[in-house]
Amino acid sequence: TYRKLAEHLRDPVCPIELLALLAFAAKEPERENREQIHRLMLQIIDTRRENIKLQLSYKTTSTSNGHP
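Going by our numbering, the sequence shown opens with residue 2, and the numbers climb by one from there.
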């Protein structure tokens, strides 16, 4: 189900799975469920964005301290 997929996507993984969630949303007949999937996707994207920001800031901090 899309809920299991969404739980799996909370970790930064392959974006193909995010497309699979989008496919679930496209096939879902219930509007309420489509909106729920949409919210999950936005939440996952925000989480990934934060993870990337943290990784980039860590790399910037490491290199500015003289550590390559």
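Positions of the beta carbon are idealized from the N, C-alpha and C atoms, including for glycine.
**OP:** Take the Cβ of Ile46 as the centre, count every other Cβ of all protein chains shown within 10 Å, and call the residue buried at 16 or more, exposed below.
**Re:** Ile46 is exposed by the Cβ-count criterion.
Original post:
Taking C-alpha atoms, which residue in Met42, Thr62, Glu31 lies nearest to Pro16?
Top reply: Per the C-alpha coordinates, the member of Met42, Thr62, Glu31 positioned closest to Pro16 is Met42.
Original post:
Would DSSP call Pro16 helix, strand or coil?
Top reply: In the structure shown, Pro16 adopts helical secondary structure according to DSSP, grouped into three states.
Original post:
Ile38 and Ala21: beta carbons closer than 7 Å?
Top reply: Ile38 places its beta carbon 7 Å or farther from that of Ala21.
Subject >> Same chain, Cβ closer than 7 Å to Thr61, five either side skipped, listed in chain order >> reply: Here the set comprises nothing.
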